[in-house]
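Protein chains in written order, with numbering that gives the first Met the number 0: chain A, 0 to 223; chain B, 0 to 224. Notes for the one structure printed next.
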Amino acid sequence: MPDKPRLTREQIAQRAAQELPDGAYVNLGWGIPNLISDYLPKGITVYFHSENGILGMGPRAKAGEEDSDLVDAMKVPVTVISGASFFNQADAHLMTRGGHLDVAALGGFQVSEKGDLANWKIPGSKGSGGIGGAMDIAAGARKLIVCMEHNTKEGAPKIVKQCTYPLTGIECTHTVVTDLAVIDVTQEGLELREVAPGWSAEEVQERTGAKLITRGSVPEMRFG
Amino acid sequence: MKQKIVSSLDAAVADIPHGARIMFGGFGGAGFPNNLIQALSRKGIQNVFAISNNCGTRDGELGIMFKNGQVKHVICSFPGPHSNHFQERYAKGQVTCELVPQGILCERMRAAAAGLLGFYTTVGVGTEVSAGKEERVINGKRCILESPIYGDFALIKAQKADELGNLTYRLAARNFNPIMAQAAKTTIVEVDEIVPVGSIPPENVITPAIFVHRIVQAKGMHYAG
């Protein structure tokens, strides 16, 4: 059964960007979340945080204007906006872990129905793996958005009853934005808030490894 | 005045013994004490117990120490995509590794610096990093006990030092350096510039001189990696 078109990674980022309130302090992780800064809704200002000690990170530095002492968590030369500040790595993670950031967005391999997140290591992968700041961010985010594809390349659900991949954090995810849906983790379980254009709630449920709660008809995502 | 300025990189690291616990500052190519690392490697040190956010970028940063088989154990948070010398040694069992969440790595060093013997955190609960650690519930939250991380030496990079050892850092090159400076018995800093006492306004000092034991001036060495 050939699937219908799903959202692109850019569209997932574009939808996730709408979750950011004006004036928010925000940390963006590797992968799809890193694309979110390109799709901020018009008229809002957010202050991007980087775990190496930057608040108020601006766009990527232009060619020829890079400074190797001013990089983001992915080593990409960046700029700072007016009103930015620098601090040490402990203070940077005091902000992530201590609940000082308004929103954090991370990539994911799996999210469980309780909001557990697995995003740092694939079982059986070679090498040491690496945790970086993900566990601090997951544990402390006031609102954690996980951005990922709804299914693996082989079609397996990435939203599952229980994670089988090594965990990053337990009961830490608040919202999942995928190429098929926007899902909130609630006390009652996973609530399907929106579906991708052209997809029904039933079709999304079929591709999900945990029960999705719906309240009335589920609207299609809009992109601002 | 205590003389902290050392005339050469080699002299600055000359007394670091085999098997020392050494902290290395730097993150994302910024703020690495690359010249001190080269000097340490050059002197043929062995069995280093390293504490560093990552494990080198190809031959750069700590990469040279893994390439030469000079590290026996590393505490880190993210070895990094180009830590190939570390990964090769790790696969062969020639180096062991404790992975620590990045902010917890900072706080474990801060605990050491602050004379605290441990702390409880929710970070890592239910994950691989909680293995073997005491777990309890505080205010309804599951948390684990984390222990301090001490260093015998810290090798760090700053932009400017005065002759007393007061330090400033440039842009985002601060990262782990001020934390490690506080957590080691002996902190050795390489700086771009040494200035007379009094020329850094006190309110601009980031690392106070009490945490700095040796200062060496070295031309910045960057790895594009």
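Every residue, glycine too, gets a C-beta built ideally from N, C-alpha and C.
| Item | Value |
| --- | --- |
| C-beta atoms of A:Arg-5 and A:Ala-195 nearer than 8 Å | yes |
| Cutoff 8 Å: B:Ile-50 Cβ touching any chain A Cβ | no |
| Interface partners of B:Glu-60 on chain A, CB under 8 Å | None at all; the shortest Cβ gap to chain A is about 11 Å. |
| 8 Å Cβ cutoff, B:Gln-86 in contact with chain A | yes |
| Contact set between the region 121-151 of chain B and chain A, restricted to residues whose Cβ is under 9 Å from the partner | Thr-121, Val-122, Gly-123, Val-124, Gly-125, Thr-126, Glu-127, Val-128 and Arg-141 |
| Exposed unless 16 or more other CB atoms sit within 10 angstroms - verdict on B:Leu-8 | buried |
| Complete runs of the alpha helix (DSSP H) confined to the region 55-137 of chain B [at least 4 residues] | 62-66, 83-90 and 101-113 |
| Bridge partners - A:Asp-183, DSSP secondary structure assignment | A:Thr-174 and A:Glu-190 |
| Cutoff 8 Å: B:Phe-118 Cβ touching any chain A Cβ | no |
| Under 8 Å between C-beta atoms of A:Ile-136 and A:Gly-208 | no |
| Cutoff 7 Å; reference B:Ala-112; Cβ partners in own chain excluding five residues on either side | Gln-181 and Ala-182 |
| 8 Å contact criterion, which A:Gly-223 and A:Gln-17 should meet: CB distance rounded | 6 Å |
| Coarse secondary structure for A:Leu-6, derived from DSSP in three states | coil |
| Pairwise C-alpha distance: A:Cys-171 and A:Cys-162 | 13 Å |
| The region 51-63 of chain B contacting the region 112-123 of chain B, beta-carbon criterion three pairs below 8 Å | no |
| Contact list for B:Ala-111 against chain A, beta-carbon separation under 8 Å | Under the 8 Å cutoff, chain A gives no residues; its nearest Cβ is about 12 Å from B:Ala-111. |
| A:Asp-90 and A:Gly-114 closer than 8 Å at C-beta | no |
| Assigned exposure category for B:Tyr-106 - 16 Cβ within 10 Å defines buried | Per the sequence presented here, residue 106 of chain B reads as Glu, with Tyr not at that position. The residue in question, B:Glu-106, is buried, as its Cβ has 16 or more Cβ neighbours within 10 Å. |
| Run of the alpha helix (DSSP H) containing A:Gly-139, from where it starts to where it stops | 133-139 |
| Per-residue DSSP class, three states only, for A:Thr-163 | coil |
| Chain B contact for A:Asn-51 (CB, 8 Å cutoff) | yes |
| Sub-8 Å separation of A:Lys-142 and A:Glu-148 beta-carbons | no |
| For A:His-48, the three-state DSSP class (helix, strand or coil) | strand |
| Candidates B:Lys-91, B:Pro-147, B:Met-179 and B:Lys-159, of which the one nearest B:Leu-170 by Cα | B:Lys-159 |
| C-beta atoms of B:Lys-132 and B:Leu-144 nearer than 8 Å | yes |
| Collapsed DSSP secondary structure at A:Arg-96 in the structure displayed | helix |
| Spatially closest choice to B:Pro-32 from B:Arg-173, B:Val-211, B:Ile-155 and B:Asp-191, by CA coordinates | B:Ile-155 |
| Closest Cα partner of A:Gly-132 within the set A:Ser-49, A:Val-45 and A:Leu-39 | A:Ser-49 |
| Endpoints, the alpha helix (DSSP H) within which A:Met-147 is located | Neither: A:Met-147 is in no alpha helix (DSSP H) and is coded neither H nor E. |
| Check whether A:Asp-71 and A:Val-79 have beta carbons under 8 Å apart | no |
| Which listed residue (A:Gly-42, A:Gln-109 and A:Ala-83) has its alpha carbon closest to that of A:Val-175 | A:Gln-109 |
| Of the residues A:Ala-83, A:Gly-139, A:Ala-12 and A:Asp-68, the one placed nearest A:His-99, counting alpha carbons only | A:Gly-139 |
| Nearest to A:Ser-84 (by Cα), restricted to the options A:Val-75, A:Gly-57 and A:Leu-105 | A:Gly-57 |
| Spatial neighbours of B:Ser-146 in its chain, beta-carbon cut-off 6 Å, leaving aside the 5 residues before and after | Gly-117 |
| Members of the region 160-194 of chain A near chain B, C-beta cut-off 8 Å | Pro-165, Leu-166, Thr-167, Gly-168 and Ile-169 |
| Contacts around A:Glu-193, its chain only, beta-carbon distance under 7 Å, and the 5 residues preceding and following it disregarded | Ala-180, Val-181, Val-217, Pro-218, Glu-219 and Met-220 |
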